[in-house]
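Undergrad: Numbering (this note's numbering), first residue to last: 213 to 417.
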Ligand SMILES: N[C@@H](CCC(=O)N[C@@H](CS)C(=O)NCC(=O)O)C(=O)O
């Protein structure tokens, strides 16, 4: 059985949703940031981490999502198609990992982005992060327009992957998702999904 290490509402929510969609028994352990014991699981201290139940641990959200999709193909979350279709999926997975998700880091931990310790400095960094996240969501908006799921008509692990960031944007950006109707529609579709609701309730997020 696989076990997911997560923090409520964090990016680990994506893998948690994927596990719920897959429907096989799994474990889920809540982690507090800064927990020294957790460094034995993931020396980077970050969630998610997945104990594969096979004697090895996998970290990195995108890798975990793809691994789960491939390990449990019956759930239909994996992306299998032409070289172009798989490359498109990679493109968006890497965009979420490398562009969208990190845009939020300074919003959550501004102290890591300056040596100043004044509230004004943190506020300034948070504002810059919001502007950056806004720019990234404009790209997601253009992609999602006319698409129900992230890759069109078929649900994939990318739908789970983008959802935590959609929630953060909804809560933390000054105008939420109001400038991004397609992202908002995707967020609302995900939020209405019974499996997603079960995971949010389990995490208390
Ligand atoms: N590149 C990593 C980033 C993971 C990450 O930064 N997770 C955040 C939560 S969304 C975290 O654990 N932050 C705690 C920390 O950085 O100390 C991934 O995609 O898995």
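Built from N, CA and C at the ideal position, the CB exists for glycine as well.
Would a C-beta distance cut-off of 8 Å place residue 216 and residue 238 closer than the cut-off?
TA: The count along the chain shown starts at 1 and reaches residue 216 at position 4. The count along the chain shown starts at 1 and reaches residue 238 at position 26. Against a cut-off of 8 Å, the Cβ pair of residue 238 and residue 216 comes out as a contact.
Undergrad: Less than 8 Å between the beta carbons of residue 316 and residue 268, yes or no?
TA: For the purposes of this step, residue 316 is taken as residue 104 along the chain shown, with counting starting at 1. For the purposes of this step, residue 268 is taken as residue 56 along the chain shown, with counting starting at 1. For residue 316 and residue 268, no; Cβs fall outside 8 Å.
Undergrad: Find the nearest neighbour of residue 399 within the set 417, 416 and 377, judged by alpha-carbon distance.
TA: Stepping through the chain shown from its first residue, residue 399 is reached at position 187. Nearest C-alpha to residue 399: 377.
Undergrad: Under a Cβ-count criterion, where at least 16 other Cβ atoms within 10 Å of its own Cβ denotes burial, should residue 214 be classed as buried or exposed?
TA: As a position in the chain shown, residue 214 is number 2, starting the count at 1. Flag for residue 214 reads buried.
Undergrad: Can residue 219 be considered in contact with ligand 1, in the sense that its beta carbon sits closer than 7 Å to one or more heavy atoms?
TA: Start at 1 with the first residue of the chain shown, and residue 219 comes out as number 7. Yes, the Cβ of residue 219 comes within 7 Å of a heavy atom of ligand 1.
Undergrad: Would residue 327 be called buried (16 or more neighbouring beta carbons within 10 Å of its own) or exposed?
TA: Here residue 327 refers to the residue found at position 115 of the chain shown. Residue 327 comes out exposed.
Undergrad: In the structure shown, what three-state DSSP assignment does residue 269 receive?
TA: Working through the chain shown from its first residue, we reach residue 269 at position 57. Three-state result, residue 269: strand.
Undergrad: Can you list, in chain order, the residues of its chain with a C-beta nearer than 8 Å to that of residue 300? Leave out the 5 residues immediately preceding and following it.
TA: In the chain shown, residue 300 corresponds to position 88, counting from 1. The residues are 363.
Undergrad: Can you give me the C-alpha to C-alpha distance between residue 368 and residue 290, rounded to a whole angstrom?
TA: In the chain shown, counting from the first residue as 1, residue 368 sits at position 156. In the chain shown, counting from the first residue as 1, residue 290 sits at position 78. Cα-Cα distance, rounded: 6 Å.
Undergrad: Can you check which of these residues, 305, 306 and 386, is closest to residue 426 by C-alpha distance?
TA: Since the displayed the chain opens at 213 and closes at 417, residue 426 lies outside it and no answer follows.
Undergrad: Would you say the beta carbon of residue 326 is closer than 7 Å to some non-hydrogen atom of ligand 1?
TA: The residue given as residue 326 occupies position 114 in the chain shown. False, no ligand heavy atom lies under 7 Å from that Cβ.
Undergrad: Report yes or no: do three or more beta-carbon pairs, one from the segment 226-240 and one from the segment 399-412, lie closer than 8 Å?
TA: yes
Undergrad: By Cβ distance below 7 Å, which residues in the same chain neighbour residue 393 in space, the five residues on each side in sequence not counted?
TA: The sequence position of residue 393 within the chain shown is 181, counting from 1. Same-chain partners within the cutoff: there are none.
Undergrad: Could you give the distance in angstroms between the alpha-carbon of residue 329 and the alpha-carbon of residue 280?
TA: Sequence index remark: in the chain shown, residue 329 carries index 117 (1-based). Sequence index remark: in the chain shown, residue 280 carries index 68 (1-based). Residue 329 and residue 280: Cα-Cα distance of roughly 41 Å.
Undergrad: Who are the Cβ neighbours of residue 370 in its own chain at under 7 Å, not counting the five residues just before and after it?
TA: Here residue 370 is taken as the residue at index 158 of the chain shown, counted from 1. Contacts found: 301, 304, 305, 362 and 363.
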